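The listed protein sequences derive, respectively, from chains L and E.
Heads up, the first sequence is in our numbering, so the first residue is 116 and it goes up one at a time.
Heads up, the second sequence is in our numbering, so the first residue is 527 and it goes up one at a time.
Quick notes on the structure that follows.
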Amino acid sequence: MVEFAVEMLNITKTFGSLVANDDINLQVKKGEIHALLGENGAGKSTLMSILFGLYQPDKGVIKINGQEVKIRNPNDANDLGIGMVHQHFKLVEVFSITENIILGSETTKYGILDLETSKKKIEQMSKEYHLEVDPNAQVSDITVGMQQRVEILKMLYRKADILIFDEPTAVLTPQEIDELMKIIRSFADDGKTIIIITHKLNEIKQIADYCTVLRKGKKIATVDVKKTDISALANMMVGREVSFSVEKTPAKIEEPLLIVENLTFKEHKSNKEILSNVNFSVNKGEIVTIAGVDGNGQSELIKIITGLFTPTSGRVIFKDTDITNTSIIERIEKGMGHIPEDRQKMGLILDYTLAENMILNSYFKEEFSSKGILNKEAMIDYTNRLINRFDIRSSSGSLSIVRGMSGGNQQKAILAREVSRDPDLLIAVQPTRGLDIGAIEYIHKELIAHRDKGKAVLIVSFELDEVLSISDRILVMYNGEIVVSLDASKTNADELGLYMLGAKRGELNGE
Amino acid sequence: MELIYNILQATFFTMTPLLVVALGGLFSERSGVVNIALEGIMVMGAFIGIFVISMIEGGSIPGQLVLIIGVIVGGLVGLIFSVFHAFASINLKADQTISGTALNIFAPAVAIFVARSMLGGSKEIKFLTVFRIKRVPFLTDIPILGRIFFEDFYITFYVGLIILLISWFVLYKTRLGLRIRACGENPHAADSVGINIYKIRYIGVLTSGFLAGMGGVIFIISASQAFAASVSGYGFLAIAVLIFGNWQPKKILFASFFFGLMTTLAAMYTEIPLLKGLGLSEEFYNMIPYIATLVVLALLSKSSKAPKAVGVIYDKGAR
Chain L
116 MVEFAVEMLN ITKTFGSLVA NDDINLQVKK GEIHALLGEN GAGKSTLMSI
166 LFGLYQPDKG VIKINGQEVK IRNPNDANDL GIGMVHQHFK LVEVFSITEN
216 IILGSETTKY GILDLETSKK KIEQMSKEYH LEVDPNAQVS DITVGMQQRV
266 EILKMLYRKA DILIFDEPTA VLTPQEIDEL MKIIRSFADD GKTIIIITHK
316 LNEIKQIADY CTVLRKGKKI ATVDVKKTDI SALANMMVGR EVSFSVEKTP
366 AKIEEPLLIV ENLTFKEHKS NKEILSNVNF SVNKGEIVTI AGVDGNGQSE
416 LIKIITGLFT PTSGRVIFKD TDITNTSIIE RIEKGMGHIP EDRQKMGLIL
466 DYTLAENMIL NSYFKEEFSS KGILNKEAMI DYTNRLINRF DIRSSSGSLS
516 IVRGMSGGNQ QKAILAREVS RDPDLLIAVQ PTRGLDIGAI EYIHKELIAH
566 RDKGKAVLIV SFELDEVLSI SDRILVMYNG EIVVSLDASK TNADELGLYM
616 LGAKRGELNG E
Chain E
527 MELIYNILQA TFFTMTPLLV VALGGLFSER SGVVNIALEG IMVMGAFIGI
577 FVISMIEGGS IPGQLVLIIG VIVGGLVGLI FSVFHAFASI NLKADQTISG
627 TALNIFAPAV AIFVARSMLG GSKEIKFLTV FRIKRVPFLT DIPILGRIFF
677 EDFYITFYVG LIILLISWFV LYKTRLGLRI RACGENPHAA DSVGINIYKI
727 RYIGVLTSGF LAGMGGVIFI ISASQAFAAS VSGYGFLAIA VLIFGNWQPK
777 KILFASFFFG LMTTLAAMYT EIPLLKGLGL SEEFYNMIPY IATLVVLALL
827 SKSSKAPKAV GVIYDKGAR
């Protein structure tokens, strides 16, 4: 009889009419690294939130080390030795690392917080587990990688020996990922039990012992990772054959369409230089991707090109015209399309219908309105055409409220709106963020098709796999500068990682 | 020199209610709940507090003790009244601004209604004792400082300073303080380590109710000899002090001093040759504190360090 550290038996959880977990079984042995694989919405996070006490299951039994338990809240989970690193870190930015780690389990002396003792304990733990942090640093000042180490220390501080990681690598560079993998492996060697939620197949292959696959709230299988290959895992996850490589012909590069000259941008409040002297160009017929760790100036750069920000100095030239100070609508009219980074905040008005969202940047055209009155029929007609062409799925077609649509379909809607206007320059920021394999495949195909029409495509992405597979040329941004321009077919993830971390600088190919 | 003493003494008693009420607001906002009901809570606290003072004064209880009892009663009434705001904004997840506004409208109305019913037509609750302490043996004789701090003062000024010290200590040196601040910055982080957000926010709002109720009594006893269902906008001014003080106890002390000084200058302009010499109309001088509020808030709005989650309804499911 095998002793399981974690057993979740026949777990069912519904939210309204949505069945997030449908009779799921999960068994994890002590000292094992167990991956939980599934697309977005497959129910992975819900299942782990149940284990961590954030949700209560409707049905089912949880056993920890063979004992049946009730986990009503994170305190119960904590008492059972269960710790969790959430995908979106749960840190208080204005607190020091020490304060964040001790929050909720504070040590006091005569009722006064004993920060010194806590600090010493954290320093010692930091050495023991090779999780380097400065206990005095404020969380808002440290890197994402270090924030994650703080989250891990938070679990260890509470003496957790069942560790849950929710998409731990989503925000890390390749080097940081390697480091994390080593740390996780050492935890398992110490006898701790690890559950990793992920949808990245190669990471599972690299680190996990066993893998449980979920699809649409149901458990599909638990497999021995060593005996299963990546494509089999992918098929189980998606439920059909998936192609991994993006098929594309070599780029036929024509003349430059967008030229960015000596662009510098300082934040108004702090006067901090976010962009320093950025120069590059995007040519017709190519896909240029800006790679880099989030927060190195990509977002500001795109906002300047699309007209949301005004640069401190420098120029943006589009189709041989200086557009640095022109309005957003003029840029759109001139042939610029923008798929913004946050589809829900900037891309769509969530409480509008799909049809209304589809004409957000063309409502004033004669086609859709006359004398200030919208032509509903034309809007709906136009939207129905886009729905068919781009396979946008929703409950009530062009009259669906966008908020209720899935992330993938929301993104398809934005893509449809922008691509259908046939812009000469299409800018897409993180076009596949948070989407599952099927939707990613589709969006990549559309972007490449747009390039093949002789248009220019500028992408910002933090996903290395995406950067490498879709780009013709890669620009790496680090600390507000473009540090290198690379031919996508002649580089690899490790090289990109070094540039992204600022460990290496390179040629800008004459730019 | 005499003038400066007078100005400082007057500033101290105008700043005291601002300080106490702003510290109350601090606890509420640091825990993540906007409390614009401070004005209404002050009115309720002052109403019952002054009523109790008017009942027990002149008896066997010494004057200063009457004052302290009145202030504490005001605090307790404020605490009870703030339960409405806490319940609406924490349990019912109501919009915190609207809930606060409702209390602000409700408080003076109920105060007038009840006062008229109790006192037969008059809405004013008068009290007779002058609580100002003329001088203290020895202390008042200290050169300069004695005259600034221990002549013509109210004991409530020192109560205010003690509350300031306690507030600072609780917020920055204790477990409860760490948790309150965490709830106002990132309640999801606090929740994930097992902190009960509702409980902490209740503590924040009820503390603000207690202090605002006290502040109401403190304001009335130094500003007039009767309560007439109003605290002259001091609750709103205290919110300005809280913002000007950047949600930090020490800066709130300076901010309340600044607003106290502005109010004093407005009230005493006839005695200040420099201001009187300007020859402006009375209305202009009366505007000084409010114009100062607008200017200061406009200038400081950019560097504001408001708690991140203040005013945001806590929803467990949101990520």
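A virtual CB, placed ideally from N, CA and C, is assigned to each residue, including glycine.
Quick caveat: nothing in here was measured; it's all calculated off a predicted structure.
Query, Result
"What first and last residue would you give for the beta strand (DSSP E) that runs through T313 (chain L)?", "308 to 313"
"Answer yes or no: do L564 (chain E) and G551 (chain E) have a C-beta to C-beta separation smaller than 8 Å?", "yes"
"Which residues in chain L sit within 7 Å of R701 (chain E), going by Cβ to Cβ distance?", "E221, T223, L228"
"Throw me the rounded Cβ distance for the V328 (chain L) and L550 (chain L) pair, which I believe falls under 8 Å.", "At roughly 18 Å, the Cβ-Cβ gap does not stay under 8 Å, so V328 (chain L) and L550 (chain L) are not in contact."
"Can you give the Cα-Cα distance for S220 (chain L) and M494 (chain L), rounded to whole angstroms?", "57 Å"
"Would you say A844 (chain E) faces chain L, with C-beta separation under 8 Å as the test?", "Residue confidence is low: A844 (chain E) scores 48 on pLDDT, short of 50, so the model does not pin down where it sits. Its coordinate-derived value is still stated next. No, A844 (chain E) lies away from the interface with chain L (no Cβ there is under 8 Å from its Cβ)."
"Contact check, L583 (chain L) vs I542 (chain L) under 8 Å by CB: the rounded distance?", "The pair is not a contact, with the Cβ atoms about 20 Å apart (cut-off 8 Å)."
"In the region 549 to 577 of chain L, which residue ranges form an unbroken alpha helix (DSSP H) of at least 4 residues, counting only runs that do not cross its ends?", "552 to 567"
"DSSP state of D621 (chain E), grouped into three classes?", "coil"
"From this set, L:I309, L:E471, L:A608, which residue's C-alpha is nearest P289 (chain L)'s C-alpha?", "L:A608"
"So, is F657 (chain E) buried or exposed, given that buried needs 16 or more other C-beta atoms within 10 angstroms?", "buried"
"What residues of chain E sit near K486 (chain L), judged by a beta carbon separation below 8 Å?", "Within 8 Å Cβ-Cβ: nothing; K486 (chain L) doesn't reach chain E, min ~38 Å."
"Let me know the secondary structure DSSP gives Y497 (chain L) once reduced to three states.", "helix"
"Looking at chain E, is there any beta carbon in it that lies within less than 8 Å of the beta carbon of N188 (chain L)?", "yes"
"Helix, strand or coil for F810 (chain E) per DSSP?", "helix"
"Could you pull the start and end residues of the alpha helix (DSSP H) that D293 (chain L) belongs to?", "289 to 304"
"Return the residues of the region 178 to 203 of chain L that lie within a Cβ-Cβ distance of less than 7 Å from chain E, sorted by chain order.", "N188, P189, N190, N193, H201, H203"
"Report yes or no: do three or more beta-carbon pairs, one from the region 747 to 765 of chain E and one from the region 643 to 658 of chain E, lie closer than 8 Å?", "yes"
"With 8 Å set as the bound, which would you pick, yes or no: does the beta-carbon of V597 (chain E) sit closer than that to a beta-carbon of chain L?", "no"
"Identify whether V836 (chain E) lies in helix, strand or coil by the three-state DSSP scheme.", "coil"
"Can you find the residues in the same chain that come closer than 8 Å, C-beta to C-beta, to T666 (chain E), ignoring five residues on each side of it along the sequence?", "G672, R673, F676, E677"
"Check whether the region 612 to 623 of chain L touches the region 690 to 699 of chain E, taking contact to mean three or more Cβ pairs, one atom from each stretch, closer than 8 Å.", "no"
"So L704 (chain E) contacts chain L; which residues on that side make the cut at Cβ distance below 7 Å?", "E214, L218, E221, L228"
"Quick one, which residues of the region 715 to 727 of chain E are near chain L if we go by CB-CB under 9 Å, in chain order?", "A715, A716, D717, S718, V719, G720, I721, N722"
"If L579 (chain L) sits next to Q525 (chain L), beta carbons under 8 Å apart, how far is it from one beta carbon to the other, in whole angstroms?", "In fact, because the Cβ distance is near 24 Å, the residues do not count as touching under 8 Å."
"Quick one: Cα of N532 (chain E) to Cα of G837 (chain E), how far?", "40 Å"
"Could you check what DSSP says for V592 (chain E) in three-state terms: helix, strand or coil?", "helix"
"Whose C-beta lies closer than 7 Å to the C-beta of R845 (chain E) among residues of the same chain, with five residues either side of it excluded?", "For R845 (chain E), the predicted structure reports a pLDDT of 39, less than 50, and the residue's modelled location is therefore unreliable. The matter cannot be settled from this model."
"By a C-beta neighbour count over all protein chains shown, 10 Å radius and 16 as the cutoff for buried, is H314 (chain L) buried or exposed?", "buried"
"What alpha helix (DSSP H) runs, 4 residues minimum, are completely inside the region 552 to 602 of chain E?", "564 to 582"
"Show which residues of chain E have a CB atom less than 9 Å away from the CB atom of K205 (chain L).", "N712, H714, A715, A716, D717, S718, V719"
"Determine the chain L residues that contact A708 (chain E) at a beta-carbon separation under 9 Å, and present them in chain order.", "V207, F210, E214, N215, L218, G219"
"Per DSSP, what are the beta-bridge partners of A543 (chain L) in this structure?", "L:I454, L:I574"
"Could you give the DSSP three-state label for I585 (chain L): helix, strand or coil?", "helix"
"Smallest Cα separation from F639 (chain E): which of E:A749, E:M570, E:I594?", "E:M570"
"On a Cα-Cα basis, can you pick out the residue from E:S830, E:G566, E:A792, E:R707 that is closest to L519 (chain E)?", "Nothing can be reported for residue 519 (chain E): it is not among the residues displayed for chain E, which extend from 527 to 845."
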